[in-house]
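S.K.: Once you know that position 300 of the sequence shown is 1068 in our numbering, the rest is easy, because the numbers rise by one and skip nothing. Sharing a structure, written as structure tokens. Questions coming.
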Amino acid sequence: MSLPEYRNSYDLDLAEQKDFVGSLTEIIAQAISQKAEKVPFGKPFIVGKELSYIAQAVSNGVLSGDGEFTRRCHEWLETNLVCKRALLTHSCTAALEMAALLTDIQAGDEVLMPSFTFVSTASAFVLRGAIPVFVDIRPDTLNINEELIERAITSRTKAIVAVHYAGQPCNMRVLKDICQKHELYLIEDAAQAILAKNDGQALGTIGDLGCLSFHETKNVISGEGGALLINNEKLIERAEIIWQKGTNRKAFFRGEVDKYTWVDIGSSFLPSELTAAFLYAQLEHAEHINAHRRELYLSYYSSLKPLAEKGYLSLPATINGKPENAHIFYVTCRTETERKALIDFLAGLNIAAVFHYVPLHDSPAGKRYSRVSGGLDVTNDISKRLLRLPLFSQMTSEMVERVCHAINSFFKA
Ligand SMILES: *Cc1c(COP(=O)(O)O)cnc(C)c1O
769 MSLPEYRNSY DLDLAEQKDF VGSLTEIIAQ AISQKAEKVP FGKPFIVGKE LSYIAQAVSN
829 GVLSGDGEFT RRCHEWLETN LVCKRALLTH SCTAALEMAA LLTDIQAGDE VLMPSFTFVS
889 TASAFVLRGA IPVFVDIRPD TLNINEELIE RAITSRTKAI VAVHYAGQPC NMRVLKDICQ
949 KHELYLIEDA AQAILAKNDG QALGTIGDLG CLSFHETKNV ISGEGGALLI NNEKLIERAE
1009 IIWQKGTNRK AFFRGEVDKY TWVDIGSSFL PSELTAAFLY AQLEHAEHIN AHRRELYLSY
1069 YSSLKPLAEK GYLSLPATIN GKPENAHIFY VTCRTETERK ALIDFLAGLN IAAVFHYVPL
1129 HDSPAGKRYS RVSGGLDVTN DISKRLLRLP LFSQMTSEMV ERVCHAINSF FKA
């Protein structure tokens, strides 16, 4: 139903006014009932003092970046994730772009990464003229297959980007060894991995650089937002300069230099205090957010297990049976056709399920700017069959049950 055409109420006679209000009421009632019934795929949320911190930032009188809330976020990240230096950015994409600048990636350099990832993993390096070289993923974690990496290395290779899909860790021990042996930078795309760990170490704090996302679709959010974690001490000073438009502003405010001036390339990578204030309230609840997501994840897992045992679908493989930060819950369908039918079936029941990724090597820009190393069989296969189920902070276990019930009836039919 569409909204009745708007007219000033004095243009309407009494009966028309009643009609107008009546149809509006109906539309609103319909929208509300749909809201109650719909299981969205995801939804932005507030967990604590977000709005009050924003008000505080305003009353602090600093709205540009690098103020009190930015400082608190940095401290939270450095303490809770344990890294040498954290810098907030506008997005994970911006953090990846900073990583490309800091590792001095030049035109023609090659950067190894999976094709099964979000665009920014590659585009941040293409912006510097580099060539993403795609390596296939492991069939269990869907992370870059460490066994295929060495054969992809050439004299132009400069870095490896480890994407921790769904918050499950890449094999960091092996990746670190390879990077040491071949003198490559190790950059972690930990966009999905806040507080997830590998052998007790937070993801994003293991490579030379780590990139986090606080986009509204992630576990901890600030609308748009991200952070660069700098673990390689040699890169810290330059990171602060690149972050502040290529100036030594940060050193100046610490009183380390007596002039604030342009010293290197850079850009405006820092978010405003409004974003930092919102983010800080979320960080305070980050463990709690993840714990709730793990509960939902485990209830999906146990409810769908019988279907998996009958071979109708596959469940995600976790390392040590732990869902880490439970960023994504996905199932793998038997065929692309069956996935399409299941999506449509769920949509008919007001449940939103989505798939990703169109592998980057298959995208128009990917074909132009990148190349492939070896076959990408697992990537091609998984991207046709993987299906993500709704998972968000305000989701209830009843909603999970409803989704699982719907999936069960699909396979019974
Ligand atoms: C979300 C995501 C990004 C991009 O994050 P933004 O903060 O939106 O720039 C990059 N890489 C991966 C793997 C992601 O999931």
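Even glycine gets a Cβ: it sits at the ideal position worked out from N, Cα and C. It should be emphasised that the depicted structure is a prediction, and the values quoted were computed from it without experimental measurement.
What are the boundary residues of the alpha helix (DSSP H) that Lys1135 is part of?
M.R.: 1132 to 1137 is the extent of the alpha helix (DSSP H) around Lys1135.
S.K.: Taking all protein chains shown into account, decide if Tyr1138 is buried (16 or more other Cβ within 10 angstroms of its Cβ) or exposed.
M.R.: Here the sequence assigns Ser to residue 1138, which means Tyr is not the residue at that position. Under this definition Ser1138 is a buried residue.
S.K.: Give every residue of the same chain whose Cβ lies closer than 8 Å to the Cβ of Glu1041, excluding the five residues on either side of it in the sequence, and list them in chain order.
M.R.: Only Ala825, Asn828, Val830, Leu831, Ser832, Gly833, Gly835, Glu836, Phe837, Thr838 meet the Cβ criterion.
S.K.: Near Met881, which residues of its chain fall below 6 Å by C-beta distance, leaving aside the five closest residues on each side in sequence?
M.R.: So the qualifying residues of the chain are Thr889, Pro900, Val929.
S.K.: Within 7 Å: the Cβ of Ala930 and any heavy atom of ligand 1?
M.R.: The answer is no for Ala930.
S.K.: Mind listing, in chain order, the residues whose beta carbon lies closer than 6 Å to a non-hydrogen atom of ligand 1?
M.R.: Selection output, chain order preserved: Ser859, Cys860, Thr861, Thr885, Phe886, Ser888, Thr889, Val931, Asp957, Ala959, Gln960, Ser981, His983, Gly994.
S.K.: Kindly indicate which residue of Met866, Arg1136, Glu1001 has the alpha-carbon position closest to the one of Arg896.
M.R.: Checking every option, the nearest Cα to that of Arg896 belongs to Met866.
S.K.: Might you give, ordered along the chain, the residues of its own chain that have their beta carbon closer than 7 Å to the beta carbon of Asn1176, omitting 5 neighbours on each side?
M.R.: Counting only Cβ-Cβ distances below 7 Å, and skipping sequence neighbours, we find Leu1075.
S.K.: List the endpoints of the continuous alpha helix (DSSP H) containing Lys949.
M.R.: Counting along the chain, the alpha helix (DSSP H) containing Lys949 begins and ends at 940 to 950.
S.K.: For Met881, does the three-state DSSP call read helix, strand or coil?
M.R.: Met881 falls in the strand class under three-state DSSP.
S.K.: Starting from Val1140, follow its DSSP beta bridges and name the residues at the other end.
M.R.: Answer is Phe902.
S.K.: Compare the Cα-Cα distances from Tyr1198 to each of Glu984, Arg924, Ala959 and report the closest residue.
M.R.: Residue 1198 is absent from the structure shown; the chain starts at 769 and stops at 1181.
S.K.: From Asn966 to Met940, what distance separates their C-alpha atoms?
M.R.: If I take the Cα positions, the gap works out to 8 Å.
S.K.: Measuring CB to CB, does Thr1103 end up less than 8 Å from Arg1136?
M.R.: The answer is no: Cβ separation not under 8 Å.
S.K.: Quick one: Cα of Thr1164 to Cα of Ile1010, how far?
M.R.: The alpha-carbon atoms of Thr1164 and Ile1010 are separated by roughly 43 Å.
S.K.: Give the list of continuous beta strand (DSSP E) stretches no shorter than 3 residues that lie fully inside the segment 957 to 992.
M.R.: Listed in chain order, the complete beta strand (DSSP E) runs (minimum 3 residues) inside the segment 957 to 992 are 977 to 981.
S.K.: Could you tell me the alpha carbon to alpha carbon distance between Tyr821 and Glu1055, rounded to whole angstroms?
M.R.: So the two alpha carbons sit approximately 19 Å from each other.
S.K.: Count the other CB atoms within 10 Å of the CB of Thr1100; is the residue buried (16 or more) or exposed (fewer)?
M.R.: Counting Cβ neighbours within 10 Å, Thr1100 comes out buried, since at least 16 surround it.
S.K.: I'd like the list of long-range same chain contacts for Ala958, defined as Cβ closer than 7 Å, with 5 residues on each side in sequence excluded.
M.R.: So the qualifying residues of the chain are His932, Leu971, Gly972, Gly978, Cys979, Leu980.
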